[in-house]
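Heads up: the sequence shown begins at 0 in numbering that gives the first Met the number 0, then just goes up one per residue.
Using N, Cα and C, we set each Cβ at its ideal position, and we do this for glycine too.
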Amino acid sequence: MLQSSQLPAVSAAAHTLTALRASNPTLPRKMPSAAGWSLHVTVYIAPENIDRFMAAFKPVFNKVAAEPECLFFEMYQSPQEPGKISWVENWSKSPEWFLENQATKEYYKEYLATTEAMFTKPREFQFLERVGPDYFMVKDKPFA
0 MLQSSQLPAV SAAAHTLTAL RASNPTLPRK MPSAAGWSLH VTVYIAPENI
50 DRFMAAFKPV FNKVAAEPEC LFFEMYQSPQ EPGKISWVEN WSKSPEWFLE
100 NQATKEYYKE YLATTEAMFT KPREFQFLER VGPDYFMVKD KPFA
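Shown next, in the form of structure tokens:
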């Protein structure tokens, strides 16, 4: 699992995957294919900062969800550790595209400026590849 210090700041200039690997040897040697991959992120927030974090996260959530390349975006919170917040993003473009084009969007700047001080541990990132259609299912009303 990658920690925030192992990925460039999202406000940094776009980098190629080759440059990222050169400066971050812990990035996976084989990134998921563009055919289907997910970014899984976990942050750790002090309990007293959860409401502030959620307020700062919501505008970015809305902007990311509106991106045409974003296929899925859902957030989760641990009932055992309320300050452990995770989310999953599925993207139609490659991880390289994501790192060069999406992760450098301007709207992340205010979110990061507000939230990074709230982290009690480094962010964790995972790039995961989909297994395939035999292991995919979505119900019509997942919250019914």
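Around the beta carbon of alanine 65, fewer than 16 other beta carbons sit within 10 angstroms, so the residue counts as exposed. Two segments are said to touch when three or more pairs of C-beta atoms, one from each, lie closer than 8 Å; by this definition the region 33-47 touches the region 126-133. The three-state reading of DSSP puts methionine 136 in coil, since its state is none of H, G, I, E or B. For the 7 Å CB-CB criterion, tyrosine 43 and threonine 119 form a contact.
Counting only runs that start and end inside the region 72-143, the beta strand (DSSP E) elements of at least 3 residues fall at 83-90, 118-128. As the crow flies, the alpha-carbon of glutamate 73 is around 23 Å from that of alanine 116. Scanning its chain for C-beta atoms nearer than 6 Å, with the 5 sequence neighbours on each side dropped, one finds around tryptophan 86 the residues Val40, Met74, in chain order.
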